[in-house]
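Start counting the sequence shown at 1; every next residue gets the next number (the UniProt record's numbering).
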Amino acid sequence: MKQFFPSWRDLGQRLRHRWDFILLALLVSGASVLAGADSVFGVILLVFSLMVILLYNSTEEKALPAVSSGTLMSVQTDVDDIEGLVRANFNAIDLPCVTFGSDGVVLFQNAAAEKAFGTLETGMHISARWRSPGILDMVRETVANGLPNQIEHSEVLPSERVFVVRVAPLSLHQLKRGAALFVMTFRDISELRRIDRMRSDFVANASHELRTPLASLRGFIETLLGPARNDTKAQERFLGIMLDQANRMSRLVDDLLSLSRLELKAHLAPDQKVALQPVLSHVRDSLSPLAAELDVDLCLHLPETNVEVTGDRDELVQVFENLIENACKYGQEGKRVDVFLRQNAGAVEVSVIDKGPGVPAEDVPRLTERFYRVSVADSRSKKGTGLGLAIVKHILTRHRARLIIRSELGQGTDFTVRF
Numbered sequence: 001m002k003q004f005f006p007s008w009r010d011l012g013q014r015l016r017h018r019w020d021f022i023l024l025a026l027l028v029s030g031a032s033v034l035a036g037a038d039s040v041f042g043v044i045l046l047v048f049s050l051m052v053i054l055l056y057n058s059t060e061e062k063a064l065p066a067v068s069s070g071t072l073m074s075v076q077t078d079v080d081d082i083e084g085l086v087r088a089n090f091n092a093i094d095l096p097c098v099t100f101g102s103d104g105v106v107l108f109q110n111a112a113a114e115k116a117f118g119t120l121e122t123g124m125h126i127s128a129r130w131r132s133p134g135i136l137d138m139v140r141e142t143v144a145n146g147l148p149n150q151i152e153h154s155e156v157l158p159s160e161r162v163f164v165v166r167v168a169p170l171s172l173h174q175l176k177r178g179a180a181l182f183v184m185t186f187r188d189i190s191e192l193r194r195i196d197r198m199r200s201d202f203v204a205n206a207s208h209e210l211r212t213p214l215a216s217l218r219g220f221i222e223t224l225l226g227p228a229r230n231d232t233k234a235q236e237r238f239l240g241i242m243l244d245q246a247n248r249m250s251r252l253v254d255d256l257l258s259l260s261r262l263e264l265k266a267h268l269a270p271d272q273k274v275a276l277q278p279v280l281s282h283v284r285d286s287l288s289p290l291a292a293e294l295d296v297d298l299c300l301h302l303p304e305t306n307v308e309v310t311g312d313r314d315e316l317v318q319v320f321e322n323l324i325e326n327a328c329k330y331g332q333e334g335k336r337v338d339v340f341l342r343q344n345a346g347a348v349e350v351s352v353i354d355k356g357p358g359v360p361a362e363d364v365p366r367l368t369e370r371f372y373r374v375s376v377a378d379s380r381s382k383k384g385t386g387l388g389l390a391i392v393k394h395i396l397t398r399h400r401a402r403l404i405i406r407s408e409l410g411q412g413t414d415f416t417v418r419f
């Protein structure tokens with residue numbers, strides 16, 4: 001019964017907050033008296049209305065409990081280990097954070113900082129880990145004026161990384177100890193810088209690749225309109241070169257459009273079942289004239305059982321056309337290209353192996369970069385755009401597959417697609 005009949009203090013608060021219900025009860029009881037009812041009945045109706053208000057408030061408070069400031073204060077006062085709470089909060093932050101005093105001595109580092117920079121011993125000066133004049137000057141300035149500051153900092157070892165380093169003072173006016181403390185945070189922007197560099201390189205390379213054939217076309221057109229106006233043999237030769245340059249630009253534009261389309265739907269994984277034997281047979285048949293022209297034997301090794309993967313048939317045809325065409329062009333010295341389809345322990349692999357000159361080890365990790373070429377002259381003589389393997393990588397990423405490249409100088413190259 002105590003929950004329905006609170007103290008007089010609580011009763012006054014409840015009645016004060018529900019004045020609209022009280023007014024309604026008074027109107028109802030007054031109207032009943034004016035209508036000829038007994039005044040005692042009106043009083044009973046008023047008391048009954050007040051009891052309904054109290055019961056309504058009790059039920060509402062029970063269904064929707066409020067957290068008052070007093071409750072929060074009690075939760076805070078229950079925490080005895082303030083230092084442990086602060087450490088737990090800092091360790092929950094995914095940014096590397098280092099706390100130090102006004103003398104530059106490290107007092108604490110969170111788990112993210114330990115993972116990024118190794119263990120910093122308590123009592124160690126920050127200059128023992130970060131010798132960058134920019135960071136040290138920023139720390140001295142913040143300690144002197146108490147204002148937050150930030151700079152961009154690069155580290156080369158063990159790998160190239162770029163951080164936005166920020167130093168800010170901790171507000172300690174609520175603590176008994178008045179020692180000045182500062183927090184230095186590191187936001188890793190290495191991936192953003194890498195993407196910006198790739199974008200600028202891409203624009204520069206694309207402009208260069210388009211500018212070269214355009215300059216060639218313009219030069220030949222000017223020659224045909226001038227000195228070679230009446231030279232039939234020169235016109236025939238120049239027109240053939242112009243056609244090659246136009247085809248080169250067309251291939252480049254097609255590859256750029258393919259990359260753009262793939263980037264737009266990179267997050268959408270294909271959901272069709274594709275049989276790989278017909279796909280590889282189709283690619284072999286379409287590239288047989290090229291292989292014959294280059295005097296390369298194109299051999300297909302397929303299992304007897306049907307092998308299926310989840311994918312997009314047209315995109316997979318584009319992948320294997322790029323890989324097998326590259327093997328025929330750049331591995332033609334070996335006179336043979338083997339294509340193997342294997343299925344082991346649930347994994348499906350397609351390997352394209354040539355017996356050509358191979359690729360230097362330092363170039364292998366960069367083969368799938370846009371416009372990257374081991375030999376620019378060799379690539380252009382074979383009518384390459386420098387985008388084929390980049391397209392292969394984007395398609396396989398959408399298919400949740402991997403491209404594994406193994407190469408040895410003088411032994412050939414193995415491009416393996418693993419689903």
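Don't be surprised by glycine CBs; every beta carbon is placed ideally from N, CA and C.
Presumed contact (8 Å Cβ cut-off) between residue i and residue j, rounded CB distance
i	j	result
L389	T368	5 Å
S216	Q245	5 Å
T310	Q277	Not confirmed; about 16 Å, so no contact.
F415	L403	7 Å
G104	S127	7 Å
P213	H399	Going by Cβ atoms, the distance from P213 to H399 rounds to 32 Å, so no, they are not a contact pair.
A206	L256	7 Å
A113	D94	Their Cβ separation, rounded to whole angstroms, is 11 Å, which puts A113 and D94 out of contact at 8 Å.
R161	D188	6 Å
Q150	V139	Rounded, the Cβ-Cβ distance is 11 Å, inconsistent with contact.
Nearest neighbour of residue i, chosen from the options [CA to CA]
i	options	result
T413	L268, L341 and E333	E333
F340	V364, V317, P303 and Y330	P303
H282	L268, S132, E152 and L300	L300
residue 489	Q318, E325 and L316	Lying outside 1 to 419, the shown extent of the chain, residue 489 is not represented and no answer is given.
V392	G358, L181 and E321	E321
V307	D338, H153 and E349	E349
L170	L85, N230 and F182	F182
V352	V374, R284, A111 and T142	R284
S132	S154, L147 and F117	S154
A92	V106, G84 and N110	N110
residue 444	N247, S260, H125 and D338	Coverage of the chain is limited to positions 1 through 419, which leaves residue 444 absent and any answer about it impossible.
Residue i, DSSP secondary structure in three states
i	result
Q411	coil
D244	helix
N110	coil
L136	helix
F371	coil
G219	helix
L170	coil
M73	Low confidence applies here, because M73 scores a pLDDT of 39, under 50, leaving its location unreliable; read the following figure in that light. In the structure shown, M73 sits in a helix (DSSP, three-state: H, G or I).
R87	helix
R342	strand
H399	coil
D188	strand
A361	coil
E152	strand
Neighbourhood of residue i by C-beta distance below 6 Å, restricted to the same chain and skipping five residues each side
i	result
M184	V98 and V167
L409	G358
D297	R336
V394	It should be noted that the sequence gives His, not Val, for residue 394. So the qualifying residues of the chain are L262.
Same chain, Cβ closer than 8 Å to residue i, neighbours up to 5 away in sequence not counted
i	result
A347	R418 and F419
I241	S216 and F220
L287	L298, E321, I324, E325 and C328
* Return the chain-ordered ranges of every alpha helix (DSSP H) run that is complete within the segment 253-339 and spans a minimum of 4 residues. => Those alpha helix (DSSP H) runs which fall completely within the segment 253-339 and span 4+ residues are 276-293 and 313-330.
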